[in-house]
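S.K.: So that we are looking at the same thing, I have put the structure below in structure tokens.
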Amino acid sequence: MKPLKITAVLLLFVLVLNSCNTVKVATDYDREANFNQYQSFAFFKPGIDKAEISDLDKKRILRAIEAEMQQKGFTKSEDPDLLVSIFTKTKENINIYNHNYAYGYGWGWHPWYWGSGYNTVSSTTEGTLYIDLIDAERKELVWQGMGTAALAKDVERKQGRINEIVKEILEKYPPGKN
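Next comes the structure, spelled out in structure tokens:
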């Protein structure tokens with residue numbers, strides 16, 4: 001019975017660690033748009049200025065987007081085909097874990113509670129990054145990618161986490177290639 005409990009705890013631990021590293025991605029796009037026509041991009045400053053994050057985080061995100069777009073064959077241009085805009089949302093998640101150990105007459109019923117227990121409380125900040133691609137000529141949204149993930153708090157890991165989130169989102173562009 002004891003190896004079963006240890007295995008269950010290890011499995012739960014692995015799932016929690018894995019869930020912290022994943023990025024949940026969703027995309028939507030204009031079915032009428034011809035994505036083959038887009039070859040260049042520029043950042044849409046009015047949209048980016050509205051994002052409610054620090055200027056340093058904006059720079060991190062824009063650098064990551066620029067690198068991914070260039071890797072996809074796009075060039076940054078003064079006269080672009082696509083305008084790139086971002087916006088963000090954050091949410092604080094509070095997790096309370098009950099660790100009760102009890103012994104007695106079976107599952108759920110303990111006439112003599114001999115165990116001890118403790119609670120742990122942790123919090124994580126979950127962020128959602130939206131990347132909008134706007135047709136520069138028509139000024140219409142043609143593609144939107146959204147990625148939600150736990151955010152890194154320390155500066156050393158922050159850029160890596162942002163790069164990962166942006167990469168996961170832009171892997172879904174152009175639509176139909178995945």
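Heads up, the sequence shown is in the UniProt record's numbering, so the first residue is 1 and it goes up one at a time.
All C-beta atoms in this analysis are idealised placements derived from N, C-alpha and C, irrespective of residue type, glycine included.
This structure is a prediction, so every number in the text was calculated from the model and none was measured.
#1: Would you kindly work out how many angstroms separate the C-alpha atoms of residue 35 and residue 75, rounded to a whole number?
#2: Under 8 Å, do residue 42 and residue 166 count as touching if we go by C-beta distance?
#3: Over what stretch of residues does the beta strand (DSSP E) that includes residue 140 continue unbroken?
#4: Taking 8 Å as the threshold, find out whether the region 43 to 55 comes into contact with the region 143 to 158 through three or more Cβ pairs.
#5: Straight-line CA distance for residue 11 to residue 120?
#6: So which of 28, 129, 72, 40 has the shortest CA-CA distance to residue 141?
#7: With distances taken from CA atoms, which of 130, 77, 97 is nearest residue 86?
#8: Which of helix, strand or coil does DSSP assign to residue 136?
#9: Quick check: what's the CA-CA separation for residue 172 versus residue 24?
#10: Given that a residue counts as buried once 16 or more other Cβ atoms are within 10 Å of its Cβ, and exposed if not, what is residue 169?
#11: Is the beta carbon of residue 124 closer than 8 Å to that of residue 93?
#12: Who are the near neighbours of residue 161 in its chain, counting only those whose CB is closer than 6 Å to its CB and skipping five residues on each side?
#13: Under the three-state reduction of DSSP, which class applies to residue 52: helix, strand or coil?
#14: Would you mind sorting residue 31 into buried or exposed? The rule is 16 or more other CB atoms within 10 Å of its CB.
M.R.: According to the structure shown:
#1: Here residue 35 refers to the residue found at position 35 of the sequence shown. Here residue 75 refers to the residue found at position 75 of the sequence shown. So the two alpha carbons sit approximately 15 Å from each other.
#2: For the purposes of this step, residue 42 is taken as residue 42 along the sequence shown, with counting starting at 1. For the purposes of this step, residue 166 is taken as residue 166 along the sequence shown, with counting starting at 1. Against a cut-off of 8 Å, the Cβ pair of residue 166 and residue 42 comes out as no contact.
#3: For this step, residue 140 is matched to residue 140 along the sequence shown. Residues 140 to 150.
#4: no
#5: For the purposes of this step, residue 11 is taken as residue 11 along the sequence shown, with counting starting at 1. For the purposes of this step, residue 120 is taken as residue 120 along the sequence shown, with counting starting at 1. In this prediction, residue 11 scores a pLDDT of 44, lower than 50, which makes its location untrustworthy; the coordinate-derived value is nonetheless stated afterwards. Approximately 18 Å, taken between the alpha carbons.
#6: By one-based count along the sequence shown, residue 141 stands at place 141. Among 28, 129, 72, 40, the Cα nearest to that of residue 141 is on 28.
#7: Position 86 of the sequence shown, counted from the first residue, corresponds to residue 86. Per the Cα distances, 130.
#8: Stepping through the sequence shown from its first residue, residue 136 is reached at position 136. It is coil, neither helix nor strand.
#9: Stepping through the sequence shown from its first residue, residue 172 is reached at position 172. Stepping through the sequence shown from its first residue, residue 24 is reached at position 24. For residue 172 and residue 24, the distance between alpha carbons rounds to 12 Å.
#10: Here residue 169 refers to the residue found at position 169 when the sequence shown is read from its first residue. Residue 169 comes out buried.
#11: In the sequence shown, counting from the first residue as 1, residue 93 sits at position 93. In the sequence shown, counting from the first residue as 1, residue 124 sits at position 124. Their beta carbons are under 8 Å apart, which means residue 93 touches residue 124 by this criterion.
#12: Numbered from 1 along the sequence shown, position 161 holds the residue referred to as residue 161. Excluding sequence neighbours, residue 161 sits near 152.
#13: If you number the sequence shown from 1, residue 52 lands on position 52. Reduced to three states, the DSSP call for residue 52 is coil.
#14: By one-based count along the sequence shown, residue 31 stands at place 31. It is exposed - the Cβ of residue 31 has fewer than 16 other Cβ atoms within 10 Å.
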